[in-house]
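Chemist: Next up is a structure, given as structure tokens.
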Amino acid sequence: MKGLLLCALALAFAMVTTHAQLQYCEKRCGKQADGMECPNNLCCSKDGYCGLGVNYCSPAAGCQSGACSDNKICGAQAGGAFQHGYCGLGPEFCGVRCQNGACSMDRPCGNKANGARCTNNYCCSPNGSCGLGKDYCGTGCQSGACYTPSFLANILKCVP
């Protein structure tokens, strides 16, 4: 009987420890949290949790905010970004032919713009331009969703 009790206690402790490690993923957002948005461009799932991946970011799965994407029609057709009417990130979508939205290639920020921050929590690169990806969010990133060791470690905990 003692062995069974000790085993049950060990299992309960393991479950508490596992839950504590995943606490970062428990951040609430969206309509379940009075419209709160997730940090660092994370997606808000239909159930009101912050994270990355299809279950969080796919509009078909109910993504509420953040970097929701499924090649949505936008641009002149619906108010977003890209020459052929598809939404996206990076130079292809946000560069010279960007129709509207978060067009970022020519937007100065940081030390080139008196400390101005990028829209949509985009990263301000070391050379003072807005965007996403390692060139903007990596080493030397001035503001926005910059890649930091603690941020990346927490994201990896959330990925199934």
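Going letter by letter, the sequence shown gives residues -20 to -1, 1 to 140 in mature numbering (1 follows the signal peptide of the UniProt record, and there is no 0).
Glycine included, C-beta positions come from ideal geometry on N, C-alpha and C.
By DSSP, does A96 sit in helix, in strand, or in coil?
Modeler: As a first step, residue 96 is located in the sequence shown; it is residue number 116 there, counting from the start. It is a strand residue.
Chemist: Beta-carbon separation of C48 and P39 under 8 angstroms?
Modeler: For this step, residue 48 is matched to residue 68 along the sequence shown. For this step, residue 39 is matched to residue 59 along the sequence shown. Yes, the pair counts as a contact, with Cβ atoms nearer than the cut-off.
Chemist: Distance, Cα to Cα, A41 vs K92?
Modeler: Taking the sequence shown and counting its residues from 1, one reaches residue 41 at position 61. Taking the sequence shown and counting its residues from 1, one reaches residue 92 at position 112. One C-alpha to the other measures close to 39 angstroms.
Chemist: Per DSSP, which residues does P88 bridge with? Please list them.
Modeler: Working through the sequence shown from its first residue, we reach residue 88 at position 108. S109, per the DSSP bridge assignment.
Chemist: Taking 8 angstroms as the cut-off, decide whether the C-beta atoms of C89 and S109 are in contact.
Modeler: Along the sequence shown, read from residue 1 onward, the residue named residue 89 stands at position 109. Along the sequence shown, read from residue 1 onward, the residue named residue 109 stands at position 129. Yes, the Cβ-Cβ distance between C89 and S109 is below 8 angstroms.
Chemist: What are the boundary residues of the alpha helix (DSSP H) that includes Y36?
Modeler: For the purposes of this step, residue 36 is identified with residue 56 of the sequence shown, where counting begins at 1. Segment V34 to C37, the alpha helix (DSSP H) holding Y36.
Chemist: D27 lies in the alpha helix (DSSP H); which residues open and close that run?
Modeler: Along the sequence shown, read from residue 1 onward, the residue named residue 27 stands at position 47. Taken as a continuous stretch (DSSP letters only), D27 belongs to no alpha helix (DSSP H), as it is neither H nor E.
Chemist: So, N35 versus S45, is the Cβ gap smaller than 8 angstroms?
Modeler: Position 55 of the sequence shown, counted from the first residue, corresponds to residue 35. Position 65 of the sequence shown, counted from the first residue, corresponds to residue 45. No; because the gap between Cβ atoms is not below 8 angstroms, this pair is not in contact.
Chemist: Using CA atoms only, rank isn't needed, just tell me which of C23, D27 and P19 is closest to Q12.
Modeler: Your numbering for residue 12 matches position 32 in the sequence shown. Minimum Cα distance to Q12 is reached at D27.
Chemist: Would DSSP call C48 helix, strand or coil?
Modeler: Looking up residue 48 in the sequence shown gives position 68. Coil.
Chemist: Taking the straight line between their C-alpha atoms, what separation do you get for G33 and S105?
Modeler: On the sequence shown, residue 33 is found 53 positions in, with the first residue counted as 1. On the sequence shown, residue 105 is found 125 positions in, with the first residue counted as 1. Each residue's Cα considered, the two are about 25 angstroms apart.
Chemist: Who are the near neighbours of M16 in its chain, counting only those whose CB is closer than 6 angstroms to its CB and skipping five residues on each side?
Modeler: For this step, residue 16 is matched to residue 36 along the sequence shown. The answer, listed in chain order, is C9.
Chemist: Looking at the ligand NAP, does it come within less than 7 angstroms of G90, judged from the CB to the closest heavy atom?
Modeler: With respect to the ligand NAP, the structure shown offers nothing to examine, as it has no ligands at all.
Chemist: Taking the continuous alpha helix (DSSP H) assigned at K7, which residues delimit it?
Modeler: Taking the first residue of the sequence shown as position 1, residue 7 is located at position 27. Looking at the DSSP string, K7 is not in any alpha helix (DSSP H), and its letter there is neither H nor E.
Chemist: So, S123 versus R87, is the Cβ gap smaller than 8 angstroms?
Modeler: The count along the sequence shown starts at 1 and reaches residue 123 at position 143. The count along the sequence shown starts at 1 and reaches residue 87 at position 107. No. Outside cutoff.
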